[in-house]
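Engineer: Order-wise, the sequence lines are chains G and C. The UniProt record's numbering applies: residue 1 is where the first sequence begins, and numbers increase by one. The UniProt record's numbering applies: residue 1 is where the second sequence begins, and numbers increase by one. Glycine residues also receive a C-beta, built at the ideal position from the N, C-alpha and C atoms.
2 protein chains.
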Amino acid sequence: MSGSCDFFLADCPGRLAVELIADKWTVVVLAGLSAGPVRHGELVELIGGISRKVLTQTLRRLESHGLVRRQAYAEAPPRVEYELTPLGATLIEPIHVLTEWAREHGDAVLDAVSTQPVARHG
Amino acid sequence: MSGSCDFFLADCPGRLAVELIADKWTVVVLAGLSAGPVRHGELVELIGGISRKVLTQTLRRLESHGLVRRQAYAEAPPRVEYELTPLGATLIEPIHVLTEWAREHGDAVLDAVSTQPVARHG
DNA sequence: CCGTATCCCCTCCGATACTG
DNA sequence: CAGTATCGGAGGGGATACGG
């Protein structure tokens, strides 16, 4: 215990990380950007299920946190590309670990959910 | 597409992981349980800021996903302990990586946030 | 093509009070 | 001490339509 905060409780930096990724799309968007610059519309197609509004919101937040860089080109058909900043790229590793976990244990979770007839209480 | 899904887009298992942790408290609660069995009240004190109701909600969900085990003792002053299941313990590693990231890059994020007077657009 | 505004639902989460 | 019920606020996020 003590205040070591090996694992974040209270106001440790870990809380910041949670606040960053604790929503439906942030991690997915970051993953979508992990391979290189992508256009807005491409991301919508790539991710699937996210609305343009929410995608923009998510990107804006990531941009303001220094994780994503926005590049707009003044062309005839407007073109905007988003890419990870060096800082943003450092988040890919933790996300990758999470993905690995899901690939390995995802079935077990789904199994627990379906095998869950417990409903204590009575 | 195929099912390559090196990084989760669409319905890859990674999405499951996101849905699991994409809320304000899940990761924090898991972290709080990482050191061993803990009582309900202890968790409230330990975490700080979470209400008993929300803690219970979170624990219930984790229980139904097979990540947490609940142990109730029929004693004079009721005592209930929660602990990670073996499956739940496997999630500590990814969380730890995330914590490490925060410890290392948290300042950079906070810096970006404060250095962010941009407000493009007007 | 990119972005924003509006409307609306729905879930998360906190505060309080009450039962076992 | 543990848990539930209830209320209520706040905000995320989807659908749509419109502007640059």
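Looking only at its own chain, which residues have a Cβ that is under 6 Å from the Cβ of Glu63(G), when we skip the five neighbours before and after it?
Structural biologist: Closer than 6 Å at Cβ, skipping near neighbours: Arg70.
Engineer: Taking a contact to mean a Cβ-Cβ separation below 8 Å, would you say Glu83(G) touches Leu33(G) in this structure?
Structural biologist: Yes.
Engineer: Using a C-beta to C-beta distance shorter than 7 Å, which residues of chain C count as neighbours of Ala108(G)?
Structural biologist: By Cβ distance, chain C contributes Gly66 and Leu87.
Engineer: DSSP state of Glu75(G), grouped into three classes?
Structural biologist: If DSSP states are grouped into helix, strand and coil, Glu75(G) belongs with coil.
Engineer: Does any residue of chain G have a CB that is nearer than 8 Å to the CB of Lys24(C)?
Structural biologist: Yes, Lys24(C) counts as interfacial toward chain G.
Engineer: For Gly36(C), return the contacting residues in chain G, with the cut-off set at a CB-CB distance below 7 Å.
Structural biologist: Chain G residues near Gly36(C): none, gap ~11 Å exceeds 7 Å.
Engineer: Give the DSSP-derived three-state secondary structure of Leu84(C) in the structure shown.
Structural biologist: Residue state, collapsed to three classes: strand.
Engineer: Within its chain, find whatever has a CB closer than 6 Å to the CB of Gly3(G); leave out the 5 residues flanking it on each side and keep chain order.
Structural biologist: Reliability of the predicted coordinates at Gly3(G) is poor, the pLDDT of 41 falling under 50, and the value obtained from them is presented with this limitation in mind. Cβ neighbours of Gly3(G) beyond the five flanking positions: none.
Engineer: Assign Phe41(G) to buried or exposed, taking buried as 16 or more other Cβ atoms, counted over all protein chains shown, within 10 Å of its Cβ.
Structural biologist: One point to set straight first is that residue 41(G) is Gly, not Phe, in the sequence displayed. With fewer than 16 other Cβ atoms within 10 Å, it is exposed.
Engineer: Please state whether the Cβ-Cβ distance between Val54(C) and Gly66(G) is less than 8 Å.
Structural biologist: Their beta carbons are not under 8 Å apart, which means Val54(C) does not touch Gly66(G) by this criterion.
Engineer: Give me whichever residues DSSP pairs with Val38(G) in a beta bridge.
Structural biologist: The partner list for Val38(G) (beta bridge, DSSP) reads Tyr82(G).
Engineer: Counting only beta-carbon atoms, is Ala74(C) nearer than 8 Å to chain G?
Structural biologist: Not an interface residue.
Engineer: Closer than 8 Å, CB to CB, is Val27(G) near chain C or not?
Structural biologist: Answer yes: the Cβ-Cβ gap between Val27(G) and chain C drops below 8 Å somewhere.
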